[in-house]
Ligand code: AGP
């Protein structure tokens, strides 16, 4: 997830680009850059770090600028350094590109370009686009961009300039956001409205698979076949803060709704048409992965719940024994590790000190370390022998939502990959699961539609202070995560428990007024979970059940929340979404600040 801004018009271009990018920093903040068309050349200024670092460099620039594009980056391919920062230019420096998204077939395209003599400077997928545009210098820029859009696969929002056409920016959109701000004798192109809101409230919506020419006094929209399309004009009614949140009341809600896209990004380029998992990026030798005889998964908080799911997935699919540890406990139990151990450390930030120290300890014992992180080049990523990025984009809300569901998907991919390399699942079984993984974005979309139903339900619980979240097998980590969400943002006591364990003690706490949320999607244990929920009902608990469409759950629940039918373990991704919404609605009904819950920090760098 990155931020794009473009401007053509009479204002000093940097006075538009710099504040515009600053307003988009919530979309990405590991590096930033601008490209300025000064007529006889395109000047590129870029750096690792935040907008303030870029502004320091821009301070040295002098000259009259006709148009410009800028970018604030959230790395997906290549470390966040000044070479990988956008904009990227073609070989001649005459064409320049900023990009938000992932070019899924970039390595194939790059190979072709290298064979035809192109030299690459960065490790990004975006540079491929710049070279392709450079090769099409004979075509009008809009045609060149259209051609690139037809060749490049995946999510692309582009803003492209050419030195020879200084009063033109061409934008393109597929899967990543891009809008035009319309001014009087000036126009803006941006990933999001806050970038131009101080200049204009008039905007043009760009649908997917569109290319747009933006000049100071005109815009021209077309589809990927080159047919002209009538632009749809809108007036922005939001204020700044609402615009940053995309019209949602909070970042947390926005991030909950970003999950279908985030999951699609996690999968992008990692599953093949033929149903195989493609994790070339891991760069871990297959022989080494075949020699592994034990797996450890370590993490904290929400990431630990992803680790719980990973244990079920890896054990079920690879038959390797898996131990999971809360990272802050790992070092102190003297785990038995050696060169045949695979340690997977999961951390969205990649900076959590408990997880980092545990990972370092594992490496020092000779274990092989895979880091699973949302932040490219994080401390964990640098420490690990191999990294799998979750690609959820920046998460501003303290409570993890999209970073959790993408961790689940990343771990499912990793589990299937290990099974593929070790030959423990037959290719047909992997193919079926890969297909089901690709259904997840659409299924999560469906679950999001029941938000109002959940809000109405939780509206009855203003006096409730005791919650239990119960599940077995793959549903157990989901229950744990549901409880953690509620605790951290709504400040109520909520226990996540293995449903079958309740009868060994905690059932004594169940009485009238206690809400018990059961999760029953894992086919191995569904009926057992339902029996456990009957036991809660018999003690007068208020019963809410998360169940799959088509399941007959009898009369056990006071309220049933249905999620799409899915495969065991993959279903964790859809089943947790109603619980995120449940916590959200309970907290907001109490008037709490869900984005910044009390006593918490987004990244915990103390032991
Ligand atoms: C979850 O909502 C919390 N923000 C917290 O539990 C978090 O998951 C934990 O601190 C671990 O963070 P990490 O994934 O960045 O390592």
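Numbering (the numbering used here), first residue to last: 1080 to 1686. Quick reminder that beta carbons are idealized off the backbone N, C-alpha and C, glycines included.
Name, in chain order, the residues that DSSP records as bridge partners for residue i.
{"i": "residue 1282", "result": "1260, 1313"}
{"i": "residue 1306", "result": "According to DSSP, residue 1306 bridges with nothing at all."}
{"i": "residue 1607", "result": "Note: residue 1607 sits in no beta bridge, so no partner."}
{"i": "residue 1572", "result": "1545"}
{"i": "residue 1468", "result": "1452"}
{"i": "residue 1297", "result": "1294"}
{"i": "residue 1375", "result": "1402, 1422"}
{"i": "residue 1086", "result": "1147, 1267"}
{"i": "residue 1235", "result": "1180, 1253"}
{"i": "residue 1125", "result": "1112"}
{"i": "residue 1447", "result": "1421"}
{"i": "residue 1241", "result": "1174"}
{"i": "residue 1627", "result": "1642"}
Leaving out the 5 sequence neighbours to the left and right, which residues in its chain are closer than 7 angstroms to residue i when beta-carbon positions are compared?
{"i": "residue 1556", "result": "1384, 1387, 1388, 1651"}
{"i": "residue 1143", "result": "1117"}
{"i": "residue 1152", "result": "1081, 1107, 1109, 1110, 1111, 1159, 1164, 1165"}
{"i": "residue 1349", "result": "1356, 1357, 1358, 1492"}
{"i": "residue 1255", "result": "1179, 1180, 1234, 1235, 1236"}
{"i": "residue 1346", "result": "1488, 1516, 1517"}
{"i": "residue 1457", "result": "1428, 1429, 1430"}
If you count every other CB in all the chains shown that lies within 10 Å of the CB of residue i, and 16 or more means buried, which is it?
{"i": "residue 1336", "result": "buried"}
{"i": "residue 1679", "result": "exposed"}
{"i": "residue 1538", "result": "exposed"}
{"i": "residue 1424", "result": "buried"}
{"i": "residue 1657", "result": "buried"}
{"i": "residue 1334", "result": "buried"}
{"i": "residue 1190", "result": "exposed"}
{"i": "residue 1369", "result": "exposed"}
{"i": "residue 1669", "result": "exposed"}
{"i": "residue 1412", "result": "exposed"}
{"i": "residue 1676", "result": "buried"}
{"i": "residue 1400", "result": "exposed"}
{"i": "residue 1251", "result": "buried"}
Below 8 angstroms on the Cβ atoms is my contact criterion, and I expect residue i with residue j to pass it. Report the Cβ-Cβ distance as a whole number of Å.
{"i": "residue 1546", "j": "residue 1596", "result": "7 angstroms"}
{"i": "residue 1277", "j": "residue 1098", "result": "7 angstroms"}
{"i": "residue 1397", "j": "residue 1497", "result": "5 angstroms"}
{"i": "residue 1175", "j": "residue 1208", "result": "With 8 angstroms as the limit, residue 1175 and residue 1208 do not qualify as a contact, their Cβ atoms being about 10 angstroms apart."}
{"i": "residue 1172", "j": "residue 1121", "result": "6 angstroms"}
{"i": "residue 1661", "j": "residue 1561", "result": "7 angstroms"}
{"i": "residue 1599", "j": "residue 1554", "result": "6 angstroms"}
{"i": "residue 1259", "j": "residue 1291", "result": "7 angstroms"}
{"i": "residue 1146", "j": "residue 1245", "result": "6 angstroms"}
{"i": "residue 1433", "j": "residue 1686", "result": "6 angstroms"}
By Cβ distance below 6 angstroms, which residues in the same chain neighbour residue i in space, the five residues on each side in sequence not counted?
{"i": "residue 1329", "result": "1673, 1674"}
{"i": "residue 1210", "result": "1169, 1192, 1197"}
{"i": "residue 1377", "result": "1404, 1406, 1409, 1424, 1437"}
{"i": "residue 1644", "result": "1627, 1628, 1629"}
{"i": "residue 1543", "result": "1594"}
{"i": "residue 1638", "result": "1536, 1623"}
{"i": "residue 1418", "result": "1445"}
{"i": "residue 1450", "result": "1424, 1459, 1460, 1463, 1466"}
{"i": "residue 1442", "result": "1448"}
{"i": "residue 1520", "result": "1339, 1342, 1343"}
{"i": "residue 1604", "result": "1551, 1552"}
{"i": "residue 1440", "result": "1410"}
{"i": "residue 1494", "result": "1392, 1393, 1396"}
{"i": "residue 1322", "result": "1272, 1273, 1276"}
{"i": "residue 1421", "result": "1371, 1374, 1447"}
{"i": "residue 1601", "result": "1552, 1553, 1554, 1647"}
Do residue i and the ligand COA come close, with the Cβ less than 7 angstroms from some heavy atom?
{"i": "residue 1479", "result": "This structure lacks the ligand COA; the ligands present are the ligand AGP."}
Might you give, ordered along the chain, the residues of its own chain that have their beta carbon closer than 8 angstroms to the beta carbon of residue i, omitting 5 neighbours on each side?
{"i": "residue 1682", "result": "1428, 1430, 1431"}
{"i": "residue 1634", "result": "none"}
{"i": "residue 1229", "result": "1303"}
{"i": "residue 1218", "result": "1226"}
{"i": "residue 1362", "result": "1465"}
{"i": "residue 1607", "result": "1551, 1578, 1579"}
Given 8 angstroms, three or more beta-carbon pairs between the segment 1619-1636 and the segment 1562-1581: With a cut-off of 8 angstroms, the segment 1562-1581 and the segment 1619-1636 do not count as touching, because too few Cβ pairs lie within range.
Does the segment 1521-1533 come close enough to the segment 1345-1362 that 3 or more CB-CB pairs lie under 8 angstroms? no
Counting pairs of beta carbons, one from the segment 1203-1220 and one from the segment 1148-1165, are three or more of them closer than 8 angstroms? yes
Per the contact definition of three or more C-beta pairs closer than 8 angstroms, is the segment 1581-1598 in contact with the segment 1609-1618? yes
Do three or more CB pairs link the segment 1286-1293 to the segment 1109-1125 at distances below 8 angstroms? no
Count the CB pairs spanning the segment 1460-1471 and the segment 1483-1503 that are closer than 8 angstroms, and state whether there are at least three. yes
With three or more beta-carbon pairs closer than 8 angstroms as the criterion, would you say the segment 1473-1485 touches the segment 1500-1514? no
Within the chosen definition, does the segment 1080-1094 reach the segment 1257-1265 through at least 3 CB pairs nearer than 8 angstroms? yes
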